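Just below is one structure, and these are the notes that go with it.
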Ligand SMILES: [Zn+2]
């Protein structure tokens, strides 16, 4: 099909695509422990049914040990045809109603954007897959595998499952439909992701809580000691102060400061942290944050010294750095900056590497051409500060395969994981077109395959 004919087909199907995306948003499919299983199970079935309605006959649920089932489907092709695996996830982040303008589970249109939890991350990815496959002609010359899982946001590590089932995941190209651009209308492919590591630091000073008037001034307070330790994690400019951390600063600036301030919602007059271009700080350098702290809430606070306090410290690691090594540096730093001989326990929680996506392959070049055709402007390479641990497990299964990390999520307004998540409906249309063009191009057999 010629690109213009395909463009019209996508246009025609958009009302149905958006109705289906609205429907998916209504499922509070949260995979985190403690949330009900029923919406996850219903969402898995609905994802499978949706793919069938879009013409993928061979689709079923597969059990994932310790987690929710994944939706798996295939479009066959003759032996020797290129194999593409399309990835998305049907689980979403939790959403408390406070902070949202509307109900997170009731889809709503505002200014060309569809709002609701999962609208962008990653239920739009499910529609990208369903719609682009429905536009693929019969005997298209490309074998397609579809893997839509239910544990990206809060499930077990899928790596062992992937390692045990190479036949499900082996392919020539992974299409990871769970990313996006800096801004809607600006086509982009993500070519690097940072890794993440975390530890828990616990400080103990007293056998029990005691009166802050009777004992304060001499008896050490665990919370104050913890704050002291945490305050040593950053220097005066907001750079991580942990010595020896790997950093690959770059000069190229792909992320305008003003766009970043707006996107992140940084308040007027408040300084940014770190040094160098924004894209370098986010994509090529480490960052350190406290993501949780156990301390008495201000409501009901009493005049007592705190005997024990703990915090979780998260470290983002540049792609290519060794996460265990970086985490050890952080843990050593926390122990070294412990004052007053207080008891401190630093406990490792997790460490996953980042990901670097090579850009020299023929599929990457083809994906850039398809994006340019769909958007009418050239695509740019961007990094991502986030982490998808699964990618390294997939790479082990198919070391020769290329990766294309793209999707409908724009960093400027999508607010993924945050309040008022939304997706630009034009972006959904353009990404369906880009992915359809790419699958069609691959099926034409013009892209050489690395064996
Ligand atoms: Zn996602």
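In the numbering used here, the protein residues as written are -5 to 445.
No residue lacks a Cβ here, since even glycine has one placed at the ideal position from N, Cα and C.
All figures in this text were calculated on a predicted structure; none of them were measured in a lab.
Straight-line gap, residue i to residue j (C-alpha atoms, nearest Å)
{"i": "residue 184", "j": "residue 32", "result": "34 Å"}
{"i": "residue 449", "j": "residue 227", "result": "In the structure as shown, the chain begins at -5 and stops at 445. Residue 449 is therefore absent and cannot be evaluated."}
{"i": "residue 243", "j": "residue 313", "result": "11 Å"}
{"i": "residue 172", "j": "residue 383", "result": "13 Å"}
{"i": "residue 337", "j": "residue 197", "result": "6 Å"}
{"i": "residue 90", "j": "residue 100", "result": "13 Å"}
{"i": "residue 260", "j": "residue 11", "result": "34 Å"}
{"i": "residue 37", "j": "residue 124", "result": "15 Å"}
{"i": "residue 376", "j": "residue 369", "result": "16 Å"}
{"i": "residue 351", "j": "residue 426", "result": "22 Å"}
{"i": "residue 73", "j": "residue 136", "result": "10 Å"}
{"i": "residue 360", "j": "residue 42", "result": "29 Å"}
{"i": "residue 157", "j": "residue 141", "result": "15 Å"}
{"i": "residue 165", "j": "residue 353", "result": "17 Å"}
{"i": "residue 214", "j": "residue 199", "result": "6 Å"}
{"i": "residue 208", "j": "residue 216", "result": "16 Å"}
{"i": "residue 435", "j": "residue 365", "result": "12 Å"}
{"i": "residue 167", "j": "residue 394", "result": "9 Å"}
{"i": "residue 52", "j": "residue 75", "result": "18 Å"}
{"i": "residue 318", "j": "residue 345", "result": "6 Å"}
{"i": "residue 248", "j": "residue 302", "result": "44 Å"}
{"i": "residue 110", "j": "residue 212", "result": "52 Å"}
{"i": "residue 118", "j": "residue 20", "result": "13 Å"}
{"i": "residue 66", "j": "residue 190", "result": "28 Å"}
{"i": "residue 419", "j": "residue 103", "result": "9 Å"}
{"i": "residue 415", "j": "residue 335", "result": "46 Å"}
{"i": "residue 392", "j": "residue 298", "result": "57 Å"}
{"i": "residue 402", "j": "residue 201", "result": "53 Å"}
{"i": "residue 13", "j": "residue 385", "result": "31 Å"}
Residue i CB to nearest heavy atom of ligand 1 below 7 Å
{"i": "residue 171", "result": "no"}
{"i": "residue 83", "result": "yes"}
{"i": "residue 415", "result": "no"}
{"i": "residue 146", "result": "yes"}
{"i": "residue 115", "result": "yes"}
Of the listed residues the options, nearest to residue i (C-alpha basis)
{"i": "residue 114", "options": "360, 98, 30", "result": "98"}
{"i": "residue 482", "options": "91, 135, 329, 108", "result": "This structure gives no information on residue 482, because the portion of the chain shown stretches from -5 to 445."}
{"i": "residue 326", "options": "238, 270, 364, 274", "result": "238"}
{"i": "residue 232", "options": "52, 279, 193, 212", "result": "279"}
{"i": "residue 175", "options": "427, 408, 415", "result": "408"}
{"i": "residue 126", "options": "411, 86, 423, 202", "result": "423"}
{"i": "residue 287", "options": "416, 443, 141, 221", "result": "221"}
{"i": "residue 130", "options": "289, 441, 442, 428", "result": "428"}
{"i": "residue 139", "options": "298, 28, 92, 82", "result": "82"}
{"i": "residue 396", "options": "416, 414, 441", "result": "441"}
{"i": "residue 17", "options": "27, 24, -4, 40", "result": "40"}
{"i": "residue 277", "options": "187, 54, 44, 159", "result": "187"}
{"i": "residue 448", "options": "262, 320, 371", "result": "For residue 448 there is no data in the structure shown, the boundaries of the chain being -5 and 445."}
{"i": "residue 296", "options": "203, 225, 275", "result": "203"}
{"i": "residue 374", "options": "168, 390, 399", "result": "399"}
{"i": "residue 357", "options": "293, 273, 444, 371", "result": "444"}
{"i": "residue 151", "options": "26, 418, 329, 128", "result": "26"}
{"i": "residue 333", "options": "223, 229, 70, 35", "result": "223"}
{"i": "residue 438", "options": "153, 132, 85", "result": "132"}
{"i": "residue 340", "options": "234, 363, 387, 308", "result": "308"}
{"i": "residue 390", "options": "112, 252, 87, 153", "result": "153"}
{"i": "residue 159", "options": "80, 57, 182, 85", "result": "57"}
Residue i, buried or exposed, once every other Cβ within 10 Å from all chains shown has been counted against 16
{"i": "residue 246", "result": "exposed"}
{"i": "residue 452", "result": "The question about residue 452 has no answer here: the residues shown for the chain are numbered -5 through 445."}
{"i": "residue 147", "result": "buried"}
{"i": "residue 155", "result": "buried"}
{"i": "residue 94", "result": "buried"}
{"i": "residue 285", "result": "exposed"}
{"i": "residue 170", "result": "buried"}
{"i": "residue 264", "result": "exposed"}
{"i": "residue 92", "result": "exposed"}
{"i": "residue 105", "result": "exposed"}
{"i": "residue 120", "result": "buried"}
{"i": "residue 405", "result": "buried"}
{"i": "residue 292", "result": "exposed"}
{"i": "residue 116", "result": "buried"}
Minimum Cβ-Cβ distance from residue i to chain D less than 8 Å
{"i": "residue 379", "result": "Annotation note: the requested chain D is absent from the structure, which comprises a single protein chain."}
Any non-hydrogen atom of ligand 3 closer than 7 Å to residue i Cβ
{"i": "residue 388", "result": "You won't find ligand 3 in this model; what it holds is ligand 1."}
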